[in-house]
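Written out as structure tokens, the structure is:
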């Protein structure tokens, strides 16, 4: 529990007591001071709750990232094994797919760059 939440709850309680004493005594100044202290305590308590929620969300995100990082090696290894099994089961299909990918990459890399027409110069 955050210190702001504890202090805020204490101020909130003290403000309620002070406001009640002001009500009973009929002292508007004490009553107003109690309401102000109560509002300040409530705000501080809410601030502490927000800090706790942010800390919990950050911790959850860090734990999720650690788990993902630790399991990434297993995922890569499982994927590699699955691809190796597919290649062993169907070597001809695998060669055709690899050849198609190579052909597409070759077309992309050897294509001349596209130049837009120049403006400002007119042909006669």
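Numbering (full-length UniProt numbering), first residue to last: 1 to 124.
Ideal Cβ placement from N, Cα and C applies to all residues, glycine included.
Please report how far the alpha carbon of residue 50 lies from the alpha carbon of residue 20, in whole angstroms.
If you take the alpha carbons of residue 50 and residue 20, they lie about 29 Å apart.
Whole-Å CB distance - residue 44 paired with residue 4, under 8 Å assumed
The C-beta distance from residue 44 to residue 4 rounds to 5 Å, short enough to fall under 8 Å.
Given residue 11 as reference, the closest of 37, 23 and 31 once Cα atoms are compared
That would be 37, whose Cα lies nearest to the Cα of residue 11.
Determine the burial state of residue 93: buried for a count of at least 16 other Cβ atoms within 10 Å of its Cβ, exposed for fewer.
Looking at its Cβ environment, which holds fewer than 16 other Cβ atoms inside 10 Å, residue 93 is exposed.
Looking only at its chain, what residues have a beta carbon closer than 6 Å to the beta carbon of residue 53, apart from the 5 residues adjacent to it on each side?
Apart from sequence neighbours up to five positions away, no residue of its chain approaches residue 53 with a beta-carbon distance below 6 Å.
Whole-angstrom distance between residue 82 and residue 48, CA atom to CA atom
Cα atoms of residue 48 and residue 82: separation of roughly 50 Å, rounded to the nearest angstrom.
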